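For what it's worth, this note's numbering labels the leading residue of the sequence shown as -3, then goes sequentially.
Beta carbons: idealized from backbone N, C-alpha and C, even for Gly.
Here the structure is a predicted model, which is why all the values come from computation and not from measurement.
The structure under discussion appears below in the form of structure tokens.
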Amino acid sequence: MTSNKSSLEPPGTSPDGAADSAEQTQHTELPDPPKHSRRTILAAVGAFALLGTATTVLGGSLLNPPSSTEDGDFSGETLEFLIPLASGGGTDTWARFIGTELTNYVAGRPGFAPRE
């Protein structure tokens, strides 16, 4: 079986570059999808709001565990702050600043010991 078309030509064109009318495809536009009702939109927004609220309430207890001491007082304890970068840099300076300020907000005003 032989063809008069070159193998380098794109399909649907003749050797002179004109499109073959027999191989042209007709493209039809799809109709627009139906619009959502106001009730559907409000139900979806309400469901996401409920999911976000439930996640915040139930997940919040995982992020705020009880104190590691029995009475919740850290007096006489030392907070060790791990600083992953070299001393003297910007990260080290900010970590030390935040660590000393953090001791003001923890019950019992514990000591502060930066570690590298």
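(message) Taking DSSP's pairing of strands, which residues face Phe108 in a bridge?
(response) As a first step, residue 108 is located in the sequence shown; it is residue number 112 there, counting from the start. For Phe108, which the question treats as bridged, DSSP gives the partners Leu75.
(message) Quick check: what's the CA-CA separation for Ala82 versus Glu112?
(response) Here residue 82 refers to the residue found at position 86 of the sequence shown. Here residue 112 refers to the residue found at position 116 of the sequence shown. When rounded, the distance between both Cα atoms is 7 Å.
(request) Could you name the residues of the same chain whose beta carbon sits closer than 6 Å to that of Ala109, not counting the 5 residues immediately before and after it, in chain order? (result) Numbered from its first residue, the sequence shown carries residue 109 at position 113. Counting only Cβ-Cβ distances below 6 Å, and skipping sequence neighbours, we find Thr74, Glu76.
(message) Suppose you measure from the CA of Ala43 to the CA of Asp28; what does that come to, to the nearest Å?
(response) By 1-based counting over the sequence shown, the position of residue 43 is 47. By 1-based counting over the sequence shown, the position of residue 28 is 32. Each residue's Cα considered, the two are about 26 Å apart.
(message) Is Ala82 close to chain D? Criterion is C-beta to C-beta, closer than 8 Å.
(response) The structure shown has no chain D; it contains just one protein chain.
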